[in-house]
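Undergrad:
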Amino acid sequence: HTEPRVGGGPVGTCRTRRLHVSFREVGWHRWVIAPRGFLANFCQGTCALPETLRGPGGPPALNHAVLRALMHAAAPTPGVGSPCCVPERLSPISVLFFDNSDNVVLRHYEDMVVDECGCR
Amino acid sequence: PASLGPAAALLQVLGLPETPRSVPTLRPVPPVMWRLFRSRNPQEARVGRPLKPCHVEELGVAGNIVRHIPDSGLSSRIIQPARTSGLCPEWTVVFDLSSVEPIERPTRARLELRLEAESEDTRGWELSVALLAEAEHPGPELLRVQAPPGLPLRADLLGTAVAANASVPRTLRLALALHPGAAATCGRLAEASLLLVTLDPRLCPLPRSRR
Chain A
858 HTEPRVGGGP VGTCRTRRLH VSFREVGWHR WVIAPRGFLA NFCQGTCALP
908 ETLRGPGGPP ALNHAVLRAL MHAAAPTPGV GSPCCVPERL SPISVLFFDN
958 SDNVVLRHYE DMVVDECGCR
Chain B
12 PASLGPAAAL LQVLGLPETP RSVPTLRPVP PVMWRLFRSR NPQEARVGRP
62 LKPCHVEELG VAGNIVRHIP DSGLSSRIIQ PARTSGLCPE WTVVFDLSSV
112 EPIERPTRAR LELRLEAESE DTRGWELSVA LLAEAEHPGP ELLRVQAPPG
162 LPLRADLLGT AVAANASVPR TLRLALALHP GAAATCGRLA EASLLLVTLD
212 PRLCPLPRSR R
């Protein structure tokens, strides 16, 4: 389930967008015990100036991203484009499930949830 | 079908080499696994500090995979009933460890037994554990644990029946014998399971062995 404005219309600046992953949707609900789903989120938005310059409280902007946004604004070059809006901070989840030997398994997976996006 | 395309690739990334069956044999989830899940789930744990991805805090060991493995072949044979020589039945339990990948290293292997006593008197109960090789004859006694009041009975097998710093065997067969001690009665083994914690060195650094 994503935010309603993702498809079409102005996308706005690069930021985290809600994306809920439901294990039922992908057909894993019979062997995944918990969670039923989780907020994985994703990144979307433009990386132009001045958005590429991080606002107060965020991580410092990547110089290369600022340079690229500057160049794209000054002299757009086909194929180069502006920086990309990508995950910058991620967090883990744990999944409880039945495996094929009917064991109950708890596994820890890193980098499964996008907490913060940035221009790179 | 998950065996094709991106779903298979994702399962591979999640460390599931084979596609899970669509309808597993459902069984109650053991309370210990719920507790561990809740303590490791960032949304539920609500802990101020980040969780250590390669550590199972509640069990106090390194590891990123915890499995609750039910016995897959409980059998018992009567040797001599307790009322004559003080011995009780001997049990054989078998654990299927084929789902553990060879690269995984065990950091905790806890045998959990639920014994049902014939009477309240379980004083002095002791359980001896031995490996059961193919030839049905138990090997030497590996360890002996006392049965605490208010069962269940637990025994740590790492370093005895399960070698540390090595791949786990595909099958673990144990011979268990109950020694009644002062209590002149025996018990019945109602349930046996193995709580196995492993560490995948591709995702987590191996703990350094104690000097």
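Chains A and B, in that order, give the protein sequences.
The opening residue of the first sequence carries number 858 in this note's numbering; numbering runs sequentially from there.
The opening residue of the second sequence carries number 12 in this note's numbering; numbering runs sequentially from there.
Every residue gets a Cβ at the ideal spot worked out from N, C-alpha and C, and that includes glycine.
#1: Quick check on arginine 874 of chain A - is its C-beta less than 8 angstroms from some C-beta in chain B?
#2: Quick test of the definition: if touching needs 3 or more C-beta pairs under 8 angstroms, does the stretch 944-960 of chain A touch the stretch 921-932 of chain A?
#3: Closer than 7 angstroms by beta-carbon distance: list the chain A residues that pair up with isoleucine 114 of chain B, in chain order.
#4: Starting from the Cα of histidine 79 of chain B, find the closest Cα among B/Val72, B/Pro191, B/Leu122 and B/Ala175 and give me that residue.
#5: Below 8 angstroms on the Cβ atoms is my guess for glycine 198 of chain B versus glutamate 129 of chain B; work out the distance and round it to an integer in Å.
#6: Quick check on the burial criterion: 16 or more other C-beta atoms within 10 angstroms. Buried or exposed for glutamine 91 of chain B?
#7: Quick check on serine 139 of chain B: does DSSP put it in helix, strand or coil?
#8: Distance check for glutamate 882 of chain A and glycine 869 of chain A, CA to CA, integer angstroms please.
#9: Extract the residue ranges of the alpha helix (DSSP H) inside the stretch 912-958 of chain A, only unbroken runs of 4 or more that lie entirely within it.
#10: Look up valine 40 of chain B in the DSSP assignment and say whether it is helix, strand or coil.
#11: Have a look at B/Glu137, B/Leu143, B/Pro163 and B/Pro64 and flag the residue whose alpha-carbon is nearest the alpha-carbon of leucine 963 of chain A.
#12: So with CB distances below 7 angstroms, who are the chain A contacts of histidine 79 of chain B?
#13: Between proline 28 of chain B and leucine 22 of chain B, what straight-line distance do the alpha-carbon atoms span, to the nearest angstrom?
#14: Here's a check: name, in chain order, each residue in its chain whose Cβ is nearer than 8 angstroms to the Cβ of valine 970 of chain A, leaving out the five neighbours to either side.
#15: Within this structure, are the beta carbons of alanine 11 of chain B and glutamate 137 of chain B separated by less than 8 angstroms?
#16: Check each candidate in B/Leu169, B/Asp107 and B/Thr196 and name the one with the smallest Cα separation from arginine 116 of chain B.
#17: On the three-state DSSP scale, how would you describe leucine 214 of chain B?
#18: Can you tell which of A/Thr903, A/Tyr966, A/Asp968 and A/Asn960 has its C-alpha closest to the C-alpha of glycine 938 of chain A?
#19: Given serine 879 of chain A, which residues of its chain have a CB within under 6 angstroms of its CB, disregarding the five upstream and five downstream residues?
#20: Compare the beta carbon distance of proline 81 of chain B and serine 204 of chain B with 8 angstroms and say whether it is the shorter of the two.
#21: State the beta-bridge partners of arginine 78 of chain B as determined by DSSP.
#22: Assuming valine 923 of chain A contacts arginine 977 of chain A (C-beta within less than 8 angstroms), just tell me the rounded distance between them.
#23: Could you tell me the boundaries of the alpha helix (DSSP H) in which valine 24 of chain B lies?
#24: Closest to alanine 175 of chain B by C-alpha separation, out of B/Trp45, B/Ala201 and B/Leu210, would be which residue?
#25: Using a C-beta to C-beta distance shorter than 7 angstroms, which residues of chain B count as neighbours of histidine 965 of chain A?
#26: Which residue wins for smallest C-alpha separation from leucine 142 of chain B, given the options B/Pro216, B/Ser110, B/Phe106 and B/Arg165?
#27: How is the beta strand (DSSP E) around leucine 910 of chain A delimited, first residue to last?
#28: Nearest by alpha-carbon distance to alanine 144 of chain B: which of B/Thr171, B/Leu124, B/Leu183 and B/Val173 is it?
#29: Per DSSP, what are the beta-bridge partners of glutamate 973 of chain A in this structure?
#30: Take aspartate 972 of chain A as the anchor and find which of A/Gln901, A/Gly884, A/Trp888 and A/Gly936 has the nearest alpha-carbon.
#31: Please confirm if asparagine 852 of chain A has its CB atom under 8 angstroms from at least one CB of chain B.
TA: On the basis of the data shown:
#1: Counted from its first residue, the first sequence places residue 874 of chain A at position 17. Chain B contact via Cβ: absent.
#2: no
#3: For the purposes of this step, residue 114 of chain B is taken as the residue at position 103 of the second sequence. Per Cβ cutoff of 7 angstroms: no residues; isoleucine 114 of chain B is ~14 angstroms from chain A at best.
#4: Here residue 79 of chain B refers to the residue found at position 68 when the second sequence is read from its first residue. The shortest C-alpha separation from histidine 79 of chain B is found at B/Leu122.
#5: The count along the second sequence starts at 1 and reaches residue 198 of chain B at position 187. The count along the second sequence starts at 1 and reaches residue 129 of chain B at position 118. The pair is a contact, with the Cβ atoms about 6 angstroms apart (cut-off 8 angstroms).
#6: Numbered from 1 along the second sequence, position 80 holds the residue referred to as residue 91 of chain B. Reliability of the predicted coordinates at glutamine 91 of chain B is poor, the pLDDT of 43 falling under 50, and the value obtained from them is presented with this limitation in mind. Classification for glutamine 91 of chain B: exposed.
#7: Working through the second sequence from its first residue, we reach residue 139 of chain B at position 128. Correct three-state label for serine 139 of chain B: strand.
#8: Along the first sequence, one-based indexing puts residue 869 of chain A at 12. Along the first sequence, one-based indexing puts residue 882 of chain A at 25. Their backbone Cα atoms lie some 28 angstroms apart in a straight line.
#9: 920-931
#10: Translated into positions along the second sequence, residue 40 of chain B becomes position 29. Note: valine 40 of chain B maps to coil in three-state DSSP.
#11: Here residue 963 of chain A is taken as the residue at index 106 of the first sequence, counted from 1. Comparing Cα positions, the closest option is B/Pro64.
#12: As a first step, residue 79 of chain B is located in the second sequence; it is residue number 68 there, counting from the start. By Cβ distance, chain A contributes Asn960 and Val961.
#13: For the purposes of this step, residue 28 of chain B is taken as residue 17 along the second sequence, with counting starting at 1. For the purposes of this step, residue 22 of chain B is taken as residue 11 along the second sequence, with counting starting at 1. Each residue's Cα considered, the two are about 7 angstroms apart.
#14: As a working mapping, residue 970 of chain A is identified with position 113 in the first sequence. So the list reads Phe895, Leu896, Ala897, Asn898, Leu947, Ser948, Pro949 and Ile950, once near-sequence residues are dropped.
#15: Residue 11 of chain B is absent from the model: chain B starts at 12 and stops at 222.
#16: Your numbering for residue 116 of chain B matches position 105 in the second sequence. Checking every option, the nearest Cα to that of arginine 116 of chain B belongs to B/Leu169.
#17: As a working mapping, residue 214 of chain B is identified with position 203 in the second sequence. Three-state DSSP puts leucine 214 of chain B in coil, outside helix and strand.
#18: Taking the first residue of the first sequence as 1, we reach residue 938 of chain A at position 81. Cα-wise, what sits closest to glycine 938 of chain A is A/Thr903.
#19: Sequence index remark: in the first sequence, residue 879 of chain A carries index 22 (1-based). For serine 879 of chain A, where only same-chain residues beyond five positions count, the Cβ hits under 6 angstroms are Gly894.
#20: If you number the second sequence from 1, residue 81 of chain B lands on position 70. If you number the second sequence from 1, residue 204 of chain B lands on position 193. Yes, Cβ-Cβ distance for proline 81 of chain B and serine 204 of chain B is below 8 angstroms.
#21: As a position in the second sequence, residue 78 of chain B is number 67, starting the count at 1. For arginine 78 of chain B, which the question treats as bridged, DSSP gives the partners A/Val962 and B/Leu207.
#22: Here residue 923 of chain A is taken as the residue at index 66 of the first sequence, counted from 1. Here residue 977 of chain A is taken as the residue at index 120 of the first sequence, counted from 1. About 11 angstroms separates the two Cβ atoms, so there is no contact after all.
#23: What you label residue 24 of chain B is simply residue 13 of the second sequence in a count that begins at 1. Where valine 24 of chain B is concerned, the enclosing alpha helix (DSSP H) stretches over 16-24.
#24: Locating residue 175 of chain B in the second sequence gives position 164, counting from the first residue. Checking every option, the nearest Cα to that of alanine 175 of chain B belongs to B/Leu210.
#25: Within the first sequence, numbered from 1, the residue matching residue 965 of chain A stands at position 108. Under the 7 angstroms cutoff, chain B gives Arg51, Pro64 and Asn75.
#26: Walking along the second sequence from the start, residue 142 of chain B turns up at place 131. Of the listed residues, the one whose Cα sits closest to leucine 142 of chain B is B/Phe106.
#27: The residue given as residue 910 of chain A occupies position 53 in the first sequence. Leucine 910 of chain A -> no beta strand (DSSP E), and no H or E assigned at all.
#28: Sequence index remark: in the second sequence, residue 144 of chain B carries index 133 (1-based). Checking every option, the nearest Cα to that of alanine 144 of chain B belongs to B/Leu183.
#29: As a position in the first sequence, residue 973 of chain A is number 116, starting the count at 1. In the DSSP output, where bridge partners are listed per residue, glutamate 973 of chain A has A/Arg946.
#30: As a first step, residue 972 of chain A is located in the first sequence; it is residue number 115 there, counting from the start. Taking only the C-alpha atoms, the option nearest aspartate 972 of chain A is A/Gln901.
#31: Residue 852 of chain A lies beyond the range of chain A shown here (858 to 977); nothing can be said about it.
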